[in-house]
Structure formats: C-alpha cells, structure tokens
Amino acid sequence: MKKTIAIIMLIVILAMPMSSFAAGETWEVPVNMMHQSMDPNKFSMGNNAINHIAIVKEANGKYEFNMQFKSMELMNLNGEITNLFVYSNHDAKVKAEVSGKAIDVNGYSKEFSFTRDAKDEIVWVAVWVNAMDELAGGKPGAGEQDAYFKFDWANAKEIVGDSAVATKPEAPVSNEIKINVNGKEVKGDVAPFIENERTMVPVRLISEALGVEVEWNQDEQMVTVKGGDINATLVVGKAEIVKNGVAMAIDQAAINKDGRNFAPIRAIAEMLQAKVDWDNEARTAVITK
Numbered sequence: 001m002k003k004t005i006a007i008i009m010l011i012v013i014l015a016m017p018m019s020s021f022a023a024g025e026t027w028e029v030p031v032n033m034m035h036q037s038m039d040p041n042k043f044s045m046g047n048n049a050i051n052h053i054a055i056v057k058e059a060n061g062k063y064e065f066n067m068q069f070k071s072m073e074l075m076n077l078n079g080e081i082t083n084l085f086v087y088s089n090h091d092a093k094v095k096a097e098v099s100g101k102a103i104d105v106n107g108y109s110k111e112f113s114f115t116r117d118a119k120d121e122i123v124w125v126a127v128w129v130n131a132m133d134e135l136a137g138g139k140p141g142a143g144e145q146d147a148y149f150k151f152d153w154a155n156a157k158e159i160v161g162d163s164a165v166a167t168k169p170e171a172p173v174s175n176e177i178k179i180n181v182n183g184k185e186v187k188g189d190v191a192p193f194i195e196n197e198r199t200m201v202p203v204r205l206i207s208e209a210l211g212v213e214v215e216w217n218q219d220e221q222m223v224t225v226k227g228g229d230i231n232a233t234l235v236v237g238k239a240e241i242v243k244n245g246v247a248m249a250i251d252q253a254a255i256n257k258d259g260r261n262f263a264p265i266r267a268i269a270e271m272l273q274a275k276v277d278w279d280n281e282a283r284t285a286v287i288t289k
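If you want it as structure tokens, here you go:
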C-alpha cells in the first residue's frame, strides 16, 4: 500500500508544471532619486550617490528592492548615506528603517534592501547623510531629508541567468544636455539643466575645462574664478557677475543644486572670454576659446 501511494505521489509531482518550482523573477530597473517637492524635473541631492540601476527580486508575491550608494560631495563636504527609512504611508509620516550593509563594488560603499508588496514606481524614503547631519548641528539624523525613488518599470530588464532581457525593445529618448569644450566632451557628476529657458551649467566644470581656477566661499556663498587677466565672482542667488571689478547683470541668478554651483552657460562663457554655440540635433553646448 505504501509503495502504491509513493508511486502515485511521484506521478503527481512529475505531472505538475515546471513553473510551480521556478524561482522568482529578477529585474534590473532604472531608478532616480527625486526631490520631495515632486517637481518631475528636480532631483534629490542624493541622486548623484545612487546606482541608477536597482536590482528587484520577486519571491512569494513580495518584491525585494536592492539599492547601492556611494559617497557624494555636499557643500564642500564628503557625505555618506548612513541610514535609510522607507515610508509605508508618507502622508502620515509612517516609516521604518531598512537594513543596510557595507560593500565595495564599482565605487559603491553601501547597499540597502527593502521589501514591497508590488512593483512600485514610487517609493518615499527619508535619508540620513553624515555631512548633512554635521551641517545641521552634528546629531545623527539632524539633517534628515525626504525624497522618493522613481522606478522606471517600462524600461526594466528581466535578468535571465547572467544576462538581462529588455522588457521594452526601444530605448527611451534622452533629454541629456551635453557640453563640449574646445572639441572635447566634459562631464560632471551633476547634469546641466534648463531653468527659466536658460541652460544652467556647473561653474567649476566649465571654468576648469578652460584652464582657470575656482574657489568657493561657503560663508558668503560666493564663487571666485581666477586665471590670466580674469578675476571674477558670482554669488548664489544673485543675477550678477563681477569681473575685474566691473558688475555685469546676467539673466538668471546662480543656483546651488546638489552641492554644485550653476550659472547660465552663456554668462559663464562670456565671463571667460569664450564663445558658446548650441547644436540642437546633438543637444550639445559647444564652447570654444
């Protein structure tokens, strides 16, 4: 009798579909860390610190999100994300700290993992960054900032074995603004952006690419650019450049974003006695001197 039951059980098991035993799916999902204002074009200052590909694993109807982080420069301080909290209800400010561990992978030093009930596109979080805590008085969590992860599931890739298969055949159109200085593309860790119809670029990136020195005065929120016969300053929030003692109005004030100082590209080029052109097809600002 026992032998008969064992045979029947074996037949039932062999007849079951293989998918019943398949491991959960895993995806590579593009992600950005967005500003708490929910402006769709405004990134959180922590966006430069994340790996923009998250690994998401499905198991038993749950989804484990794995995020990698590296250090970032913030107000001339080197910052590390030390703690991450995920909101279950952002409106009610209900959140819980998630597990993290130290890693050393391609420049990323921390990995955090959290579980969700669905393939969420938006996940609200609160982050502690040691540099922000220091600026806010030094107590852990004093500089806590809210933000949200925006996961692009439309362009996720399912990982099959050691490879990834795109779930969407066409790559998204990039709105990235590129910068070319004297025939060479230059890239910073914070991307240029459009503000009031003006292309805003990192002052240090452009200035140093043209061979001049840049200094930052935190107390006065002032950038000083020196090189050759150029000695110029601009103050964050002020629509003015003072060059060799002469004040020049600019049509958009300098902005501090994600720990970097931005100003209109044309104003920076003119300050540095350079010429700027725009290649619309390549979405590239071309600076020559």
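Our numbering applies: residue 1 is where the sequence shown begins, and numbers increase by one. Note that beta-carbon positions come from the ideal geometry of N, C-alpha and C, so glycine has one too.
Exposure label - residue i; buried when at least 16 CB within 10 Å
i: valine 129; result: buried
i: histidine 35; result: buried
i: methionine 38; result: exposed
i: lysine 110; result: buried
i: serine 44; result: buried
i: alanine 126; result: buried
i: isoleucine 179; result: buried
i: valine 29; result: buried
i: aspartate 279; result: exposed
i: serine 88; result: exposed
i: glycine 143; result: buried
i: valine 173; result: At valine 173, the pLDDT of 43 sits below 50, so the modelled position is not reliable and the matter cannot be decided from this model.
Opening and closing residue of the beta strand (DSSP E) in which residue i lies
i: alanine 118; result: Alanine 118 -> no beta strand (DSSP E), and no H or E assigned at all.
i: valine 181; result: 178-181
i: tryptophan 216; result: 213-217
i: tryptophan 153; result: That residue, tryptophan 153, is in no beta strand (DSSP E); it is neither H nor E in DSSP.
i: serine 44; result: Segment: none, serine 44 is in no beta strand (DSSP E) and carries neither H nor E.
i: glutamine 221; result: Counting along the chain, glutamine 221 falls outside any beta strand (DSSP E), and DSSP gives it neither H nor E.
i: valine 190; result: Here valine 190 belongs to no beta strand (DSSP E), and DSSP marks it neither H nor E.
Integer-rounded CB distance, given that residue j should sit under 8 Å from residue i
i: phenylalanine 114; j: valine 94; result: With 8 Å as the limit, phenylalanine 114 and valine 94 do not qualify as a contact, their Cβ atoms being about 14 Å apart.
i: alanine 249; j: glutamate 240; result: 6 Å
i: glutamate 220; j: valine 242; result: Wrong, their Cβ atoms sit about 12 Å apart, outside the cutoff.
i: phenylalanine 69; j: isoleucine 50; result: 6 Å
i: isoleucine 255; j: alanine 269; result: At roughly 17 Å, the Cβ-Cβ gap does not stay under 8 Å, so isoleucine 255 and alanine 269 are not in contact.
i: alanine 253; j: glycine 237; result: 5 Å
i: leucine 84; j: valine 98; result: 5 Å
Within-8 Å CB hit, residue i to chain B
i: alanine 254; result: Of the protein chains in this structure there is only one, and it is not chain B.
Start-to-end residues for the alpha helix (DSSP H) that takes in residue i
i: isoleucine 265; result: 265-271
i: methionine 38; result: Segment: none, methionine 38 is in no alpha helix (DSSP H) and carries neither H nor E.
i: isoleucine 250; result: Per DSSP, isoleucine 250 belongs to no alpha helix (DSSP H) and is neither H nor E.
i: serine 207; result: 203-209
i: asparagine 130; result: 130-135
C-beta contact flag for residue i and residue j at 8 Å
i: methionine 271; j: valine 225; result: yes
i: isoleucine 122; j: lysine 150; result: yes
i: isoleucine 177; j: arginine 266; result: no
i: aspartate 258; j: asparagine 78; result: no
i: aspartate 146; j: arginine 198; result: no
i: phenylalanine 262; j: valine 201; result: yes
i: alanine 274; j: leucine 210; result: yes
i: lysine 119; j: tryptophan 153; result: yes
i: threonine 26; j: isoleucine 53; result: no
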